[in-house]
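Undergrad:
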Amino acid sequence: MSGKRILMAKTGLDGHWRGPTIVARALRDAGFEVIMIGMARPEEVVQACVDEDVDLVGLNIGGHIDVAVRAVTALREERPELPVFCGGVVPPHAKRKLEALGVEVYPPGSQLPDIVGAARRLTGLG
Amino acid sequence: MAGPDAMAELVAEAVGGSRSALARLISVAERGGEGSAALEAALLPCRGESYSIGITGAPGAGKSTLASALTTELQTAGERVALLAVDPSSPLTRGAILGDRVRLQPHLGNPEVFIRSMASRGHLGGLAMATCTARRVLEACGWPLVLIETVGVGQAELDVAGATDTVLVVLNPGWGDEMQANKAGLMEIADIFVINKADRQGLEATRRDLEAAIAANAPTRRPAIVETVATEGTGLNALREAIADHRQQTTASGEHQRRRQARAVTELRDLARARLELALEAQLAGAAGKALADAVTRRETDVDSAARRLLATLFTRSDPEQAP
Chain V
1 MSGKRILMAK TGLDGHWRGP TIVARALRDA GFEVIMIGMA RPEEVVQACV
51 DEDVDLVGLN IGGHIDVAVR AVTALREERP ELPVFCGGVV PPHAKRKLEA
101 LGVEVYPPGS QLPDIVGAAR RLTGLG
Chain F
1 MAGPDAMAEL VAEAVGGSRS ALARLISVAE RGGEGSAALE AALLPCRGES
51 YSIGITGAPG AGKSTLASAL TTELQTAGER VALLAVDPSS PLTRGAILGD
101 RVRLQPHLGN PEVFIRSMAS RGHLGGLAMA TCTARRVLEA CGWPLVLIET
151 VGVGQAELDV AGATDTVLVV LNPGWGDEMQ ANKAGLMEIA DIFVINKADR
201 QGLEATRRDL EAAIAANAPT RRPAIVETVA TEGTGLNALR EAIADHRQQT
251 TASGEHQRRR QARAVTELRD LARARLELAL EAQLAGAAGK ALADAVTRRE
301 TDVDSAARRL LATLFTRSDP EQAP
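Sequence order for the protein chains is V and F.
In terms of full-length UniProt numbering, the first sequence is numbered consecutively and its last residue is 126.
In terms of full-length UniProt numbering, the second sequence is numbered consecutively and its last residue is 324.
(1) Does the Cβ of H246/F have 16 or more other Cβ atoms within 10 Å, making it buried, or fewer, making it exposed?
(2) Among T73/V, D55/V and K95/V, which residue has its Cα nearest to the Cα of A119/V?
(3) Give me the subset of the segment 89-114 of chain V whose CB atoms are less than 9 Å from a CB atom of chain F, sorted by chain position.
(4) Going along chain F in order, which residues have a C-beta closer than 9 Å to the C-beta of L82/V?
(5) Please return the same chain residues whose Cβ sits closer than 6 Å to the Cβ of G176/F, not counting the five positions on each side in sequence.
(6) Which residues of chain F have a Cβ atom closer than 7 Å to the Cβ of F32/V, listed in chain order?
(7) Spell out whether any CB of chain F is found under 7 Å from the CB atom of G124/V.
(8) Starting from G88/V, trace the beta strand (DSSP E) both ways and give me its first and last residue.
(9) Report yes or no: is there a C-beta of chain V within less than 7 Å of the C-beta of A119/F?
(10) So is E157/F buried or exposed if we call it buried at 16+ other beta carbons inside 10 Å?
(11) Let me know the alpha helix (DSSP H) ranges lying completely inside the segment 75-109 of chain F, each 4 residues or longer, listed in chain order.
(12) Does I115/F come within less than 7 Å of chain V when only Cβ atoms are used?
(13) Identify every residue that forms a DSSP beta bridge with E33/V.
(14) Return helix, strand or coil for S18/F, following the three-state DSSP convention.
(15) With DSSP as the reference, please indicate the residues paired to T56/F in a beta bridge.
(16) Return no unless some Cβ of chain F is closer than 7 Å to the Cβ of E77/V.
(17) Taking a cut of 9 Å between CB atoms, which residues from the segment 134-154 of chain F lie near chain V?
(18) Is there contact here, the segment 63-79 of chain F with the segment 104-119 of chain F, by at least three beta-carbon pairs under 8 Å?
(19) Return no unless some Cβ of chain F is closer than 7 Å to the Cβ of A71/V.
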């Protein structure tokens with residue numbers, strides 16, 4: 001049993017819960033405990049990550065790249081060692097910005113096995 | 001996991017108000033084993049007393065939404081609320097989707113509310129193995145009210161009854177009939193029946209069936225019935241009052257104390273059993289187990305005698321530190 005916990009949050013625009021749900025299902029089937037929190041502001045993502053003591057954060061970016069960047073910045077302050085990956089609609093300039101913050105970006109078209117593989121690697125399961 | 005000193009330090013940090021330390025302690029409890037044992041020992045000297053409210057019912061009855069609305073109601077009354085929300089782990093992959101927080105969005109980021117999602121991790125009975133330890137962590141850290149939401153249950157997953165002080169059983173209009181209302185199991189553990197989604201058709205019949213079943217109970221066990229529409233916050237005031245009434249009555253009658261005593265017996269049994277099973281598995285996998293299994297296979301000994309000899313190997317140690 002991995003017992004590894006992943007928090008999934010949406011930042012930015014409401015709606016589009018399907019992508020994160022499909023990813024969450026794949027992670028669940030790979031043995032992860034996936035905590036869904038829905039739409040959240042940066043400080044809410046941080047508190048949920050602290051309270052849930054997660055090993056990895058997945059952000060679904062709904063267009064508002066600034067909110068995602070603020071969430072990652074706030075997470076880095078509170079839990080610098082906590083890995084973050086993200087998906088959703090991520091334009092190239094935003095991708096560079098997030099990657100500069102150490103976030104792995106999985107834009108539309110990414111394959112589920114790659115995302116699951118990343119989750120395993122980022123949580124130290126190899 | 002770190003030694004007793006490090007554990008005592010983490011507990012002190014959590015008791016001092018660090019949410020991050022509190023959260024890490026719950027993870028220690030979830031990992032179980034010797035870390036969890038060290039945690040229990042470190043919690044023993046901690047003061048603090050909390051009241052726990054269980055929320056149980058079938059999948060989709062509205063437990064999470066009710067937990068959220070009740071949290072709002074208690075918050076309005078000035079209470080700090082901690083919530084442990086349990087969802088099922090897959091028996092096939094051990095994975096889980098913990099979705100209760102999606103209903104708890106109004107409380108995201110509120111420092112007066114602590115929410116922890118727990119996967120059942122193979123534990124049957126509606127709670128996770130670590131739920132009771134997590135409750136004690138919250139108690140030590142000064143959270144006065146702990147809501148415990150079970151997985152969606154059937155009729156026989158009743159751990160919450162032993163684990164909490166007031167049990168809410170959540171039903172919906174159109175649920176069952178008088179026969180269902182009289183069945184053993186879930187219907188017996190309610191301290192309060194909550195008919196949620198009370199704006200739906202069939203409310204009167206459900207209430208009538210419940211009332212008839214309750215009327216046949218002993219006079220000492222007459223759970224209240226409260227109607228709510230959790231999505232709109234309707235009926236939550238009445239629910240808060242019903243919980244306060246139940247708390248007051250059980251405290252006055254001594255029932256509250258009796259329950260806590262029964263809880264101690266249950267937890268003692270569960271933990272002793274868990275340790276026994278671990279020790280047994282270790283012994284089975286070791287040389288003694290293999291030798292006995294060989295002897296049974298070769299028909300040199302019967303299986304019952306072998307089982308008794310296996311058990312005897314577990315009980316030859318008089319020092320409790322060396323016990324399974």
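Even glycine gets a Cβ: it sits at the ideal position worked out from N, Cα and C.
Nothing here was measured: the structure is a model prediction, and the numbers come from that model.
TA: Quick answer:
(1) Classification for H246/F: buried.
(2) The residue with the shortest Cα to Cα distance from A119/V is D55/V.
(3) Listed in chain order, the positions of the segment 89-114 of chain V with a beta carbon within less than 9 Å of a beta carbon of chain F would be empty, since no residue qualifies.
(4) Residues of chain F passing the Cβ test: none, with the nearest at roughly 11 Å.
(5) Annotation for G176/F: no residue places its beta carbon closer than 6 Å to its own, counting only its chain and skipping 5 residues before and after.
(6) Those within 7 Å of F32/V in chain F are G95.
(7) Using a Cβ-Cβ cut-off of 7 Å, G124/V does not count as an interface residue toward chain F, since no Cβ of chain F sits closer than that to its own.
(8) Segment V84 to V89, the beta strand (DSSP E) holding G88/V.
(9) So, interface residue.
(10) With at least 16 other beta carbons inside 10 angstroms of its own, E157/F counts as buried.
(11) Counting only runs of 4+ residues, the alpha helix (DSSP H) found wholly inside the segment 75-109 of chain F occupies 100-103, in chain order.
(12) By this cut-off, I115/F is an interface position.
(13) Looking at the DSSP assignment, E33/V forms a beta bridge with R5/V and A96/F.
(14) Three-state DSSP puts S18/F in coil, outside helix and strand.
(15) In DSSP, T56/F forms a bridge with V169/F.
(16) It does not: the Cβ of E77/V has no partner Cβ on chain F nearer than 7 Å.
(17) Taking 9 Å as the Cβ-Cβ cut-off, the segment 134-154 of chain F has no residue approaching chain V.
(18) Yes: the two stretches touch, three or more of their Cβ pairs being nearer than 8 Å.
(19) Proximity of A71/V to chain F, defined by a Cβ-Cβ separation below 7 Å, is not satisfied.
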